[in-house]
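Q:
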Amino acid sequence: MTTDEHNTGETTGVYLRRIREEKNLTLKQVAEPINLRAGQLEAIEKGDLSALPGTVYAIGFVRSYAAQLGLNGEAVAQRFKAEHAAAAQQQTELNISPPMQGTQLPSRGVLGGAAAIFVLVLLFWAVFLRSDNGDPAVETAKLASVPEVPPHLRVADITHLPPAEGEIDMLLHELSVNGDMTDEQTEEEETAQTEEVTVTETTAQTAAQAAAQTAAQAEEAARPRPAPVPPAAEERHRQTTVQEQRRATAPVTATEEFGAPARQSRITLHATDSSWIHVRSAEGETLFQQVLRPGQLYRAPDQPNMRLDTANAGGFDVYVDGEKAAPFGRAGDIIRGITLDADEIKRRSGRR
């Protein structure tokens, strides 16, 4: 018997290891040319299929392993397949459980528990039907209270818009991670709660406290009043107030600008809050898609029939030819298919 012959009772893995060792080759030396890992060849030699990706892949690995050792790869692979097919059949026979006897019935405890569950389900269903039997007039009033879509935001060809699967979900996720809007809402809620507590404490004052407050007001009224402000000082105060109001209504200086150059654009979207916008051409091509941060602005190119999708319609100011126009919606409104037409936006805002 030559060294390449398969000994009786010798598994394929042991056979391959014997041939490899006779050729003075390591697992790494054999594995590298056939793009396998040394650990995979070791698992084949040990017959450990659990360390391999599957039987089909394992057979292919054995074929490549045997061919690399100069053996008949197909014959060795078939022997390996037969060995493990027989082992799998034997394991299946051992795992077959004896059939249940047909005379076995559920115990009284099981039947009683099932009956109790059935009764509970019936009771729950009865309560649910009673609570769901509401007044039709009330339901009609609830439906009537839902506001309609403003006429200026209705788009006739909304059904022709290209699908935007996952865009709104992706945007909402990014905005929640950013946390800008959440922080502002939290501050507003805390302020509202503080005001509510203050009002409650004021209404709970006793008659004695009210009398003390009245006396304090009378004492304050008796004190000498300060001299009137000279006209010049009053005029300076008025001018300062006007300047502050102008600064408050002026657009915030943009930290970053996107879109077309100013001379090639009539419509500008200036972000005051984190706002995702998606601008498309008349052919449906994406011209711009990004979350604008507060202070950033986007200048739309001067093209006809552009469309805008946004997940925060009140999160940016709209400017047409340098003049502020009416917003497209309120903060948090998700609107798709807004027409970006400069003249149309001007007409909607009452400007010519």
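The numbering of the sequence shown is the working numbering, which starts it at 716 and goes up by one.
Glycine included, every Cβ here is placed at the ideal spot set by N, Cα and C.
Computed from a predicted structure; not experimentally measured.
#1: Counting Cβ pairs closer than 8 Å, one from the region 1022-1040 and one from the region 985-996, do we hit at least three?
#2: Would you check if the region 726-733 and the region 784-795 touch, i.e. whether three or more CB-CB distances between them fall below 8 Å?
#3: Within 8 Å, do at least three Cβ pairs link the region 972-981 to the region 1007-1015?
#4: From L984, G999, L1002, N1020, pick the residue whose C-alpha is nearest to that of G1037; which is it?
#5: DSSP three-state call for T770: helix, strand or coil?
#6: Excluding five sequence neighbours on each side, which residues of the same chain lie with their C-beta closer than 6 Å to the C-beta of R778?
#7: Do the CB positions of A1040 and M1021 come within less than 8 Å of each other?
#8: Decide if I1060 is buried, meaning its Cβ has at least 16 other Cβ atoms within 10 Å, or exposed.
#9: Apart from the five residues just before and just after N810, which ones in its own chain have a Cβ nearer than 6 Å to its Cβ?
#10: Answer with buried or exposed for A965, where buried requires no fewer than 16 other C-beta atoms within 10 angstroms of its C-beta.
#11: Around the C-beta of F843, are 16 or more other C-beta atoms found within 10 angstroms, so that it is buried, or is it exposed?
#12: Taking the C-alpha atoms as reference points, what is the distance between P748 and G1052?
#13: Ends of the beta strand (DSSP E) at I749?
#14: Quick check on DSSP: helix, strand or coil for D1024?
#15: What is the DSSP secondary structure of T1054, reduced to helix, strand or coil?
A: Concretely, from the data shown:
#1: In this structure the region 1022-1040 touches the region 985-996; the number of beta carbon pairs closer than 8 Å is three or more.
#2: They touch, by the three-pair rule.
#3: yes
#4: It is L984 whose Cα lies nearest to the Cα of G1037.
#5: helix
#6: G788, A792
#7: no
#8: Buried, by the Cβ-count rule.
#9: Confidence at N810 is low in this model, with a pLDDT of 46, below 50, so the placement of that residue is unreliable and no value is reported for it.
#10: For A965, the predicted structure reports a pLDDT of 44, less than 50, and the residue's modelled location is therefore unreliable. A value from the coordinates is still provided. Classification for A965: exposed.
#11: exposed
#12: 58 Å
#13: DSSP places I749 outside any beta strand (DSSP E), giving it a letter other than H or E.
#14: strand
#15: strand
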